[in-house]
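**Q** Order-wise, the sequence lines are chains D and G. Quick note on numbering: our numbering labels position 11 of the first sequence as 11, and the sequence is numbered without any gaps. So our numbering is basically just the index in the second sequence, starting at one, shifted up by 73. Note that the Cβ used here is the ideal one computed from N, Cα and C, for glycine as well.
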Amino acid sequence: MNHESSLDKLLATDPADVGCDGTFELLHVYVEVELAGQDPQPRFPGLAAHLRSCKACRADYQGLLAAAAGLDG
Amino acid sequence: MSSVDPVDGDVSDLALGRTVDAESRLWVQGLRAAGSEREAVLARLHALLLRVARHEVHRRSASLQLRGPEFDDLANQAADDALLAITAKVDGFRGESRFTTWAYKFVMFEVSTKLARHFWRTTTVPMDQQDWDRLPDLLGVQPHERAEWHELLVALRRAVDEDLTDRQRRVFVAIALNGVPIDALALELASNRNAIYKSLFDARRKLRASLAANGYLPHTASRRP
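#1: Using a C-beta cutoff of 9 Å, does Asp17 of chain D count as contacting chain G?
#2: Using a cut-off of 7 Å between C-beta atoms, extract the partners of Leu51 of chain D located in chain G.
#3: If contact means a Cβ-Cβ distance below 7 Å, which residues of the stretch 28 to 44 of chain D contact chain G?
#4: Run through the stretch 178 to 224 of chain G for me and flag every whole alpha helix (DSSP H) of 4 or more residues, listed as ranges in chain order.
#5: Could you pull the start and end residues of the alpha helix (DSSP H) that Phe166 of chain G belongs to?
#6: Going by CA-CA distance only, name the one from D:Ser6, D:Leu7, D:Pro15 that's closest to Lys271 of chain G.
#7: Using the C-alpha atoms, what's the distance from Ala228 of chain G back to Leu284 of chain G?
#8: Nearest by alpha-carbon distance to Leu212 of chain G: which of G:Arg98, G:Ala249, G:Leu122 is it?
#9: Do Lys187 of chain G and Gln150 of chain G have their C-beta atoms within less than 9 Å of each other?
#10: Between Val246 of chain G and Val184 of chain G, is the Cβ-Cβ spacing less than 9 Å?
#11: May I have the straight-line CA-CA distance separating Val33 of chain D from Arg219 of chain G, to the nearest angstrom?
#12: To which residues of the same chain is Val244 of chain G closer than 7 Å at the C-beta, ignoring the five residues directly before and after it?
#13: Would you check if the stretch 12 to 27 of chain D and the stretch 42 to 56 of chain D touch, i.e. whether three or more CB-CB distances between them fall below 8 Å?
#14: Within a Cβ cutoff of 6 Å, which residues of the same chain sit near His292 of chain G, ignoring the five residues on either side of it in sequence?
#15: Quick one: what does DSSP say Arg140 of chain G is sitting in, helix, strand or coil?
#16: Along the stretch 236 to 270 of chain G, where does the CB come closer than 7 Å to a CB of chain D? Name the residues.
#17: Would you mind giving the Cβ-Cβ distance between Ala77 of chain D and His128 of chain G, rounded to the nearest angstrom? I have them listed as a contact below 8 Å.
#18: Listing by chain order, which chain D residues have their CB less than 8 Å from the CB of Arg277 of chain G?
#19: I'd like to check one pair, Arg242 of chain G with Val253 of chain G: are the Cβ atoms closer than 9 Å?
#20: Compute the beta-carbon to beta-carbon distance between Arg132 of chain G and Gly63 of chain D, rounded to the nearest angstrom, for a pair I have assumed lies under 8 Å.
#21: Does the contact criterion of 3 or more C-beta pairs under 8 Å hold for the stretch 143 to 161 of chain G versus the stretch 108 to 120 of chain G?
#22: If we define contact as Cβ-Cβ less than 9 Å, is Arg171 of chain G a contact residue for chain D?
#23: Would Phe274 of chain G count as contacting chain D if we go by Cβ distances under 9 Å?
#24: Please work out which residues of its chain come closer than 8 Å, Cβ to Cβ, to Thr195 of chain G, disregarding the five sequence neighbours upstream and downstream, and give them in chain order.
#25: Would Asp234 of chain G count as contacting chain D if we go by Cβ distances under 9 Å?
#26: For Asp60 of chain D, is the classification buried or exposed, using 16 other Cβ atoms within 10 angstroms of its Cβ as the cut-off for buried?
#27: Is it buried or exposed, Gly141 of chain G, if we count other Cβ atoms within 10 angstroms and call 16 or more buried?
#28: Quick check on the burial criterion: 16 or more other C-beta atoms within 10 angstroms. Buried or exposed for Gly37 of chain D?
#29: State buried or exposed for His217 of chain G, treating a residue as buried only when at least 16 other CB atoms are found within 10 Å of its CB.
#30: State yes or no: is the beta carbon of Leu123 of chain G nearer than 9 Å to at least one beta carbon in chain D?
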């Protein structure tokens, strides 16, 4: 049986993860790089790792992306 | 920071090599102004923040039990507190993005915080009760697979009991087993999202190492960030 596949999600950690504070610090830049049509992940690998792991920061990211893309002005 | 370090992305070129766009400059100048000019900018910014807050609360409200007045109160409180944070921190805006994108970040934070309060008003979770019966479902274990998973789950439970600190155990059980949102747990423990996340991060790493050491999972290359 493949224990790793389902436990990975539960116990996954990425050493590059910058944490919630590190993500908040640069989230606006990350979003604007993405809105400019570029992939922000190579430039911000630790932030990207965090967004994969933290549901709360991922929700903030999705909300900020939507706001910056369509609600500005 | 013990395990999650805020080191990422070189933005120095963004900060130094990019001039602040005209609209962003006007926002900052307006917030640094005095009298009626500042009041007008504050009113304009609050209206923008409220619009974003309403949109964000609506976006996240699918799984919430928010009635009309609660929805409006939550969005207004988020916009009010975001405006306070923005005016207090405007000197920290470095022009790495549009001013509004930077400002909306505070709305997201405040909406998350307000929704955490709402969670405890509408939900009862036994904080110290470990809901191990839910774990097979969380892991996607099918009923016919439960027997072969039994030993692994017993090992995981033993690792939770024996290898984690009290704090790590409480955080892991609440978030991973009981499904408490991280901001709601931070509120309950008088902490903050980042500190709770660090505890969860350390708990996950310890548990994985314990299961690997006992042959239940393969060893993975591990280094502290």
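**A** Quick answer:
#1: Here residue 17 of chain D is taken as the residue at index 17 of the first sequence, counted from 1. Closer than 9 Å: yes.
#2: Here the question's residue 51 of chain D lines up with position 51 in the first sequence. Per Cβ cutoff of 7 Å: no residues; Leu51 of chain D is ~11 Å from chain G at best.
#3: His28, Val29, Val31, Glu32, Arg43, Phe44
#4: 208 to 211
#5: Within the second sequence, the letter at position 93 stands for residue 166 of chain G. Element bounds for Phe166 of chain G: n/a, residue is neither H nor E.
#6: Indexing the second sequence from 1 puts residue 271 of chain G at position 198. Selected option, being the one with the closest Cα: D:Pro15.
#7: Here residue 284 of chain G refers to the residue found at position 211 of the second sequence. Here residue 228 of chain G refers to the residue found at position 155 of the second sequence. When rounded, the distance between both Cα atoms is 7 Å.
#8: As a position in the second sequence, residue 212 of chain G is number 139, starting the count at 1. Minimum Cα distance to Leu212 of chain G is reached at G:Ala249.
#9: Numbered from its first residue, the second sequence carries residue 187 of chain G at position 114. Numbered from its first residue, the second sequence carries residue 150 of chain G at position 77. For Lys187 of chain G and Gln150 of chain G, yes; Cβs fall inside 9 Å.
#10: Reading the second sequence from its first residue, position 173 is the one you call residue 246 of chain G. Reading the second sequence from its first residue, position 111 is the one you call residue 184 of chain G. The answer is no: Cβ separation not under 9 Å.
#11: To locate residue 33 of chain D, count along the first sequence from 1; it is residue 33. To locate residue 219 of chain G, count along the second sequence from 1; it is residue 146. Roughly 45 Å between the two C-alpha positions.
#12: The residue you call residue 244 of chain G lines up with position 171 of the second sequence. Taken in chain order, the residues that qualify are Leu258, Ile269, Ser272, Leu273, Ala276.
#13: yes
#14: For the purposes of this step, residue 292 of chain G is taken as the residue at position 219 of the second sequence. So the qualifying residues of the chain are Ala285.
#15: Taking the second sequence and counting its residues from 1, one reaches residue 140 of chain G at position 67. Here Arg140 of chain G sits in coil by DSSP.
#16: Ala249, Pro254, Ile255, Asp256, Arg266, Asn267, Tyr270
#17: Residue 77 of chain D falls outside the range modelled here, since chain D spans only 1 to 73, and no answer is possible.
#18: Start at 1 with the first residue of the second sequence, and residue 277 of chain G comes out as number 204. Contact note: Arg277 of chain G reaches chain D through Leu10, Leu11, Ala12, Thr13, using a C-beta cutoff of 8 Å and chain order.
#19: Translated into the one-based positions of the second sequence, residue 253 of chain G becomes position 180. Translated into the one-based positions of the second sequence, residue 242 of chain G becomes position 169. No, the pair does not count as a contact, with Cβ atoms beyond the cut-off.
#20: By 1-based counting over the second sequence, the position of residue 132 of chain G is 59. By 1-based counting over the first sequence, the position of residue 63 of chain D is 63. Between Arg132 of chain G and Gly63 of chain D the beta-carbon gap is near 6 Å, inside 8 Å, which marks them as a contact.
#21: yes
#22: To locate residue 171 of chain G, count along the second sequence from 1; it is residue 98. Answer yes: the Cβ-Cβ gap between Arg171 of chain G and chain D drops below 9 Å somewhere.
#23: Within the second sequence, the letter at position 201 stands for residue 274 of chain G. So, interface residue.
#24: Along the second sequence, one-based indexing puts residue 195 of chain G at 122. Cβ neighbours of Thr195 of chain G beyond the five flanking positions: Leu137, Gln138.
#25: What you label residue 234 of chain G is simply residue 161 of the second sequence in a count that begins at 1. So, not an interface residue.
#26: If you number the first sequence from 1, residue 60 of chain D lands on position 60. A buried status is given to Asp60 of chain D, since no fewer than 16 other beta-carbon atoms sit within 10 Å of its beta-carbon.
#27: Reading the second sequence from its first residue, position 68 is the one you call residue 141 of chain G. So Gly141 of chain G ends up on the exposed side.
#28: The count along the first sequence starts at 1 and reaches residue 37 of chain D at position 37. Looking at its Cβ environment, which holds fewer than 16 other Cβ atoms inside 10 Å, Gly37 of chain D is exposed.
#29: Numbered from 1 along the second sequence, position 144 holds the residue referred to as residue 217 of chain G. By the 10 Å Cβ count, His217 of chain G comes out exposed.
#30: For this step, residue 123 of chain G is matched to residue 50 along the second sequence. No, because no Cβ of chain D sits closer than 9 Å to the Cβ of Leu123 of chain G.
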